[in-house]
Amino acid sequence: MLYALLCYNDEDMVYSWTPEEDAAVMAKIRVVQERLISEGKLGPSLRLLPTTSATSVRKTGGEPLVIDGPYAETKEQLLGFYILDVANLEEALAVTRELGEANPTSNYEIRPVGLYFGDERQGASKAASA
Amino acid sequence: MNDLAWINAALIGARPQAVGALLRYFRDLDTAEEAFQEASLRALKSWPRNGPPRDPAAWLILVGRNAALDGVRKRSRDAVLPDEAALSDLEDVEAPLAERLDGSHYRDDVLRLLFVCGHPDLPATQQIALALRIVSGLSVKQIARAFLVSEAAMEQRITRAKARIAKAETPFETPGAVERSERLGVVAAMLYLVFNEGYSAGDGEARAQLCNEAIRLARLLLRLFPTEPEIMGLTALMLLQHARGPARFDADREIVLLEDQDRRRWDGKLIAEGLALIDKAIRHRAPGAYQVQAAIAALHARAERFEDTDWRGIERLYATLEILQPSPVVTLNRAAALSKVEGPAAALKLIEPLAERLDGYFHFHGARGALLLQLGRDREARTCFDQAIALANTAAEANHIRQHLDRLARESSHAVSDASPAARP
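Residue numbers (the working numbering), protein chains in the order written: chain A, 1005 to 1134; chain B, 2 to 426.
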């Protein structure tokens, strides 16, 4: 079963981490990711740039409206996601708990994936270099 | 990340909103700061047990306000009752839900707080110090270290700044569209001062912290004012400049010129964010000085190698900047780009009229010397470099010029026959 694991956190706080703190959290997350990769359970995963870099498009009947900023104003913001290939919700929850320990203030939403297209670019590299 | 680290990050992240709201309640910077301080101490006790509150800023505002009011009540037992009118917005003290502030509330509070720190009555150095102390919450010691002054001197600078602010009229009413836009302009300038203080004067952790702080506050400002193209431009500009940080100094802390920087050491994530923001800003078709400067930085960031730089594009952008924000320094930069497109003679012609106004400016003499050197006018070049060295602000700047002088000295003593001044390996 494929699940999207959506990570939410308070952007004000995350972007107040020092570069060292940020790197330390990322390194801890990477340990969990690498184990999941070795078990064949991790699909694409990515960290999004801050919501200030976002642009939203809303359809209002006429021309689609291009709006600066994220789609929704929320206390926590969507900052990244993982695609997990695990047996069931219990296993997805176990992975979430582990990632949550690596990143203590992050909150998660587990959403089963309905339709999945992999990276279909010609010669797509495994990770974009931002 | 342990408890202390995430709580600290949450406190830093919520500080501008919280101190901004507390300033609105108490209309006094010191009271607002003390209230925030008290709330932070209580957070350190409560949050490890209960986890972070859903809205740290709202929690800190409520707790800070109640703590400060308790203080006022205690004092009032032995003193005259305080004037209720001086403490605004008190009627909902017992209504924590009312403190679930929406963005528009935070917006003007944060803007006011930043505006107070960037008050035009304050000299630049005081603006920077005050912003770092009040908005960022850096300790006096940390700020003093960044400015290379004693703690006592920095304490005095901040006290003086606060005294001036207290005398100046702080606007507490909700601003109209025009005032808001004027305040944004003042605040943007102040944030860029903080950034430049960190950027211009060398590397080192205390300095990098100022750059990071300016970027953090700019992102916050942009989150509150998501459709302001100049705030996008300012943020992009700082991100794109800061992205080069890791390549700007070598192991001996010497400046590495743009053309010699190892571009693989540029921070790709900061560049991606900067480029995304400048793209967004341009869609508004409302050009401004920060956007143009960011667009120049973007052209540098987009060039994979120095040779790939779009100098014509950069020269045109500087020409636009000359119109938006005329300054001899802008012309000097335009000349540097022009020399790449049309050669050193054209560039020299462009900067000669600036000689008088930029006589005390290190970069003018350095740039003029470099152009003269390219034209083979070695003796005049040496005079320029001598002047530049006398005006250098940092050891790294002086060393860079000294390298030119050393080469000139070597060339004049050895290679009498080699007349090719631009020959470089």
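Even glycine gets a Cβ: it sits at the ideal position worked out from N, Cα and C.
By the criterion of a C-beta distance shorter than 7 Å, residue 176/B is surrounded in its chain by 109 and 184, once the five residues flanking it on both sides are discounted. When the beta-carbon positions are compared, residue 1058/A and residue 1048/A stay at least 7 Å from each other.
Contact annotation: residue 6/B and residue 1025/A have beta-carbon atoms nearer than 7 Å. Close to chain B, meaning a Cβ-Cβ distance shorter than 9 Å, are the following residues of the segment 1008–1037 of chain A: 1014, 1015, 1016, 1017, 1018, 1019, 1020, 1021, 1022, 1023, 1025, 1028, 1029 and 1032. Apart from the 5 residues on each side of it in sequence, residue 35/B sits with its Cβ closer than 7 Å to the Cβ of 69 in its chain, given in chain order. Taken through DSSP and simplified to helix, strand or coil, residue 229/B comes out as coil. With respect to residue 122/B, residue 158/B sits apart: the two C-beta atoms are not nearer than 7 Å. The beta-carbon distance between residue 368/B and residue 333/B, rounded to whole angstroms, is 6 Å. This is short enough to meet the 8 Å contact definition. Sequence-distant partners of residue 263/B (beyond 5 residues in either direction) whose C-beta falls short of 7 Å from its own C-beta, in its chain, are 248. In the structure shown, residue 1059/A adopts extended strand secondary structure according to DSSP, grouped into three states.
By a beta-carbon distance limit of 8 Å, residue 167/B does not contact residue 144/B. Their separation comes to about 20 Å. Exposure of residue 265/B is indicated by the presence of fewer than 16 other C-beta atoms within 10 angstroms of its C-beta. Contact between the segment 1103–1119 of chain A and the segment 1057–1071 of chain A is absent: fewer than 3 CB-CB pairs across the two stretches fall below 8 Å.
Using a CB distance cut-off of 7 Å, residue 1065/A does not count as an interface residue toward chain B.
In the assembly as shown, residue 147/B is a buried residue. Its beta-carbon has 16 or more other beta-carbons within 10 Å.
Take the alpha-carbon of residue 1097/A and the one of residue 1116/A: they are about 12 Å apart.
Going by C-alpha positions, residue 1060/A is about 31 Å away from residue 20/B. Boundaries of the beta strand (DSSP E) around residue 1081/A: 1081–1089. Taking a C-beta distance under 7 Å as the contact criterion, residue 1019/A and residue 1082/A do not qualify as a contact pair.
DSSP, read as helix, strand or coil, puts residue 14/B in helix. At the C-beta level, residue 191/B and residue 242/B stay beyond 7 Å of one another. Around the beta-carbon of residue 1120/A, fewer than 16 other beta-carbon atoms lie within 10 Å, marking it exposed. For residue 1113/A, there is no enclosing alpha helix (DSSP H); the residue is part of the beta strand (DSSP E) that begins and ends at 1111–1116. In the three-state scheme derived from DSSP, where H, G and I count as helix and E and B as strand, residue 57/B is classed as helix.
Looking at the DSSP output, residue 148/B sits in no beta bridge, so it has no partner there. In the three-state reduction of the DSSP assignment, residue 26/B falls in the helix class, which pools H, G and I.
For residue 370/B, the uninterrupted alpha helix (DSSP H) run begins and ends at 363–375, by DSSP. At least one CB of chain B lies nearer than 7 Å to the CB of residue 1073/A. Around the C-beta of residue 374/B, 16 or more other C-beta atoms lie within 10 Å, and the residue is accordingly described as buried. Residue 291/B holds the alpha-carbon nearest to the alpha-carbon of residue 323/B among 291/B, 117/B and 343/B. Per DSSP, the beta bridge partners of residue 1069/A are 1062/A.
With a threshold of 7 Å between beta carbons, residue 1103/A makes no contact with chain B. In the structure shown, residue 287/B falls within a coil segment according to DSSP collapsed to helix, strand and coil. When 7 Å is used as the limit between beta carbons, residue 7/B is near these residues of chain A: 1108 and 1109, in chain order. When secondary structure is reduced to three states using DSSP, residue 250/B falls in the strand class.
Taking CB atoms only, residue 1100/A has no neighbour in chain B less than 7 Å away.
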